[in-house]
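Structure first, commentary second.
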Amino acid sequence: DVKGRKIYGGCFGSQVEAELKAQEMWRHAVPHATEDPALSADAAADERPQRSYPGVCWIRRDRCWWASVSVQKVRKHFRSKPKDGSEEELNRSFQEVVAWLEHQKATRETRDEAPRPRKCPRPERPVFFADGGDEEPQKKRPRGGRCVGLPHFQPKEPHPGVCWMPSEQCWKAEFRKNGLRVKTRSKPKDHSEEELERSFQEAVRWLKQQKAADDQAVPAVAAAPAFDGAVCERLAKSHKGICWAHQEGCWKAERQVKGLKKQFKVKPKSSSREELERAFQEAVAWLRSGADAADVAERRAPDVVAVARCRRRRRKVEPKEKQRGICWAQREACWIARLTDPQTGQRRFRRARPSELTEEKIEEAFQKAAGWLQKEK
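Here you go:
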């Protein structure tokens, strides 16, 4: 309509009915509209006042004049709506908005020229010196907070790490030790020059003691002995399974026992060639002792070692004569016989574990599982 609003009329099955409904709604919205909506729109457009001023515009929906201005980062708005559509009312409301806009601009310029007062003026704090050289107190940059107006002193010879605390009226010494801040305070009895100097020297002595104690507490790192790289490389190549660890400065031997890796380290006491060879021979002896023990175990029970190796490598133990329903459980190291009841559908199990992992005991356990399976069938 003329005010910019959208009116919904409904849904229709044909285009002719929709056009007739649109013309009817247009006649109700605009009383002076003709049958042609295009002509009525032109007539409504002619009703817009032909007046212009920078910052003032006509709002067709609300049928009023509108202006806005920014004053001290705040946006202000003003509207003036004519009582009717006469020329006198349109001109009156337009001039009202223009007068308000000019007044706001003039006020803004006056405010911009005047200096802005501070919210809370801070009093100047005098600074007193311990040397007594200046009779008049020297002014310093004022600071806020509870320390305003309190005396402030500076030493004759400044020392790093020692400063005056106006809030507590004392000297503060600070030292960082092992990532922590260690502090102490030395408070004078009064503000006389002798007392200020005495308390200042006391804080300085404490700081020097802390630094000296920290320097003595740091242990001296002994330099690592320099080993002959050529000798270490030649010895390491002479025996398999032994290597020289450069970062640790020792011989390292490695072997496998029951699937687990074991290491043995021998560190020479000095960087001499004799000490290197002695430590190397010790690592070789440890490595050979483990190999001899493994050879003895193989000679005593070769079948047990063979079956244990099969288990570590996850290989199956095959029977001499295969039988359906019997299999070897690798983790449990036993034979398992399975049987399904044809009437109820239930499954039953039977385990036959060999007392020793030898070929005879394994075959005996297999025959026991086969006998149980044949009996149940």
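If you count the sequence shown from 1, you need to add 1 to reach our numbering. We put the beta carbon where it would ideally sit given N, CA and C, even for glycine. Because the structure is a prediction, the values reported are computed rather than measured.
- Annotated three-state conformation of Glu-110 is helix, per DSSP.
- Per DSSP, the beta-bridge partners of Tyr-54 are Val-57.
- Here Gln-264 carries a strand assignment [DSSP, helix/strand/coil].
- The C-beta distance from Ala-237 to Trp-245 rounds to 5 Å, short enough to meet the 8 Å contact threshold.
- Put simply, the backbone Cα of Gly-180 is about 33 Å away from that of Pro-152.
- If you check the CB distance, Ala-370 and Arg-348 do not come in under 8 Å.
- If you draw a 10 Å sphere on the C-beta of Ala-330, you find fewer than 16 other C-beta atoms in it, and that means exposed.
- When only Cα atoms are considered, Lys-22 and Tyr-9 end up about 10 Å apart.
- Taking the Cβ atoms as the reference, Trp-373 lies roughly 18 Å from Ala-334, outside the contact range of under 8 Å.
- Scanning its chain for C-beta atoms nearer than 6 Å, with the 5 sequence neighbours on each side dropped, one finds around Phe-281 the residues Leu-236, Trp-252, in chain order.
- Annotation: the continuous beta strand (DSSP E) that includes Val-163 extends over 163 to 166.
- Closest in C-alpha terms to His-247, from the list Lys-241, Pro-269, Gln-257, Ser-239, comes Pro-269.
- 8 Å or more divides the Cβ of Lys-106 from the Cβ of Val-75.
- Its chain contains Lys-362, Ile-363, Ala-366 as the residues whose beta carbon lies nearer than 6 Å to that of Pro-355, once the 5 sequence neighbours on both sides are disregarded; these appear in chain order.
- Here the alpha carbon of Glu-322 sits roughly 26 Å from the alpha carbon of Pro-343.
- Between Trp-59 and Phe-79, the C-beta gap is not smaller than 8 Å, which leaves the two residues out of contact.
- Within the region 196 to 262, complete beta strand (DSSP E) segments of at least 3 residues are found at 243 to 246, 251 to 258, given in chain order.
- Here Lys-184 is near Lys-173, since their CB atoms are less than 8 Å apart.
- Within the DSSP bridge table, the entry for Phe-350 names Arg-339 as partners.
- By the 16-neighbour rule on beta-carbons within 10 angstroms, Ser-81 is buried.
- Here the alpha carbons of Val-258 and Ile-327 stand approximately 32 Å from one another.
- Nearest to Lys-209 by C-alpha distance, out of Gly-230, Lys-178, Ala-231, Gly-250, is Lys-178.
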